[in-house]
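J.:
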């Protein structure tokens with residue numbers, strides 16, 4: 001099994017349009033682009049999308065078999081790609097948290113996508129994976145996902161302003177090997193719809209994960225960290241980050 005990130009930034013991406021901050025200029029000079037946080041799992045030559053917010057995701061995986069989408073929530077930076085992917089000639093199942101509205105006309109014009117509402121702690125199987133939705137605190141109903149492969153346990157936790165006590169206890173009981181957690185803000189912002197890197201680091205410590213990384217970074221957060229020479233126990237990852245799990 002392989003997990004890889006198509007993007008690890010917030011909804012604005014990096015560089016932000018016409019932003020002259022140090023981070024955005026550095027990305028331009030190096031010819032780099034980081035997209036909104038989206039990832040995928042490859043298992044047995046099949047693709048499982050972790051969110052689907054990249055508009056041309058159907059082109060990225062053209063010729064590949066997408067067997068499922070694990071959608072965290074219906075904000076555009078996590079589901080925009082479904083507008084094109086629904087025209088696939090292959091049937092695809094999208095697992096998602098409860099949301100009556102969804103996004104745009106996705107529920108009205110489903111085409112090749114079957115939408116299945118999932119509930120926290122109610123596990124289901126996809127191929128060799130056991131998937132357990134995890135309720136996250138955000139501005140829209142949101143589920144992270146605990147993904148179990150053989151004896152390996154992976155947690156994908158975005159977008160997130162916090163996790164309830166019972167959910168923390170559940171995750172701790174699982175002895176998580178690898179976790180990716182939303183840390184959009186820097187330490188100057190302590191309330192909002194996302195965690196800052198100090199809050200996220202504390203939460204990863206509390207979950208007692210063996211290996212943890214920060215995702216959903218904004219350009220302002222990365223600039224603050226660089227300018228203040230902040231060294232964090234947990235590192236922000238970039239587009240293209242991957243892990244092979246055997």
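In full-length UniProt numbering, the protein residues as written are 1 to 246.
We put the CB at the ideal spot given by N, CA and C, even for glycine.
Rounding to the nearest angstrom, what Cα-Cα distance links residue 258 and residue 235 in this structure?
T.: Lying before the first or after the last residue shown, residue 258 is absent from the chain, which here runs from 1 to 246.
J.: Could you tell me which uninterrupted alpha helix (DSSP H) segments, each at least 4 residues in length, are contained entirely in the region 71-112, listed from first to last along the chain?
T.: Here the runs fully enclosed are 76-79 and 82-85.
J.: Rank 243, 135, 188 and 21 by C-alpha distance to the C-alpha of residue 98 and give the top, closest one.
T.: Along the chain shown, read from residue 1 onward, the residue named residue 98 stands at position 98. Comparing Cα-Cα distances from residue 98 to each of 243, 135, 188 and 21, the minimum goes to 135.
J.: What does the alpha-carbon distance come out to for the pair residue 221 and residue 48?
T.: Here the question's residue 221 lines up with position 221 in the chain shown. Here the question's residue 48 lines up with position 48 in the chain shown. Roughly 29 Å separates the two Cα atoms.
J.: Spatial neighbours of residue 195 within its chain, please: CB distance less than 8 Å, with the 5 preceding and 5 following residues excluded, ordered by chain position.
T.: By one-based count along the chain shown, residue 195 stands at place 195. Within the same chain, residue 195 has close Cβ partners 160, 161, 162, 181, 182, 183, 184, 185 and 203.
J.: Nearest to residue 64 by CA position, among 75, 46 and 54, is which residue?
T.: Here residue 64 is taken as the residue at index 64 of the chain shown, counted from 1. Per the Cα distances, 46.
J.: For the alpha helix (DSSP H) containing residue 205, name the first residue and the last one.
T.: For the purposes of this step, residue 205 is identified with residue 205 of the chain shown, where counting begins at 1. From DSSP, the alpha helix (DSSP H) with residue 205 extends over 197-207.
J.: Do residue 239 and residue 72 have their beta-carbon atoms positioned less than 7 Å apart in this structure?
T.: By one-based count along the chain shown, residue 72 stands at place 72. By one-based count along the chain shown, residue 239 stands at place 239. Contact: no.
J.: Just reading off the beta strand (DSSP E) that residue 134 is part of, what are its end residues?
T.: Taking the chain shown and counting its residues from 1, the one referred to as residue 134 is at position 134. 129-136 is the extent of the beta strand (DSSP E) around residue 134.
J.: By DSSP's criteria, residue 39 is part of a beta bridge. Which residues make up the other side?
T.: Locating residue 39 in the chain shown gives position 39, counting from the first residue. Residue 39 is bridged to 5 and 50.
J.: By the DSSP assignment, the alpha helix (DSSP H) with residue 153 in it spans what residues?
T.: Position 153 of the chain shown holds residue 153. Premise fails: residue 153 lies in the beta strand (DSSP E), 152-157, not in any alpha helix (DSSP H).
J.: Put residue 222 into one of helix, strand or coil per three-state DSSP.
T.: Stepping through the chain shown from its first residue, residue 222 is reached at position 222. Reduced to three states, the DSSP call for residue 222 is helix.
J.: Just mark residue 167 as buried or exposed, buried being the case when its beta carbon has 16 or more other beta carbons within 10 Å.
T.: Locating residue 167 in the chain shown gives position 167, where the first residue counts as 1. With 16 or more other Cβ atoms within 10 Å, it is buried.
J.: Are residue 133 and residue 118 closer than 7 Å when you measure CB to CB?
T.: Here residue 133 refers to the residue found at position 133 of the chain shown. Here residue 118 refers to the residue found at position 118 of the chain shown. Going by C-beta atoms, residue 133 is nearer than 7 Å to residue 118.
J.: Identify the continuous alpha helix (DSSP H) that holds residue 23 and give its terminal residues.
T.: Sequence index remark: in the chain shown, residue 23 carries index 23 (1-based). Where residue 23 is concerned, the enclosing alpha helix (DSSP H) stretches over 22-30.
J.: Taking 7 Å as the threshold (C-beta atoms), are residue 147 and residue 131 in contact?
T.: Start at 1 with the first residue of the chain shown, and residue 131 comes out as number 131. Start at 1 with the first residue of the chain shown, and residue 147 comes out as number 147. Taking 7 Å as the Cβ cut-off, residue 131 and residue 147 qualify as a contacting pair.
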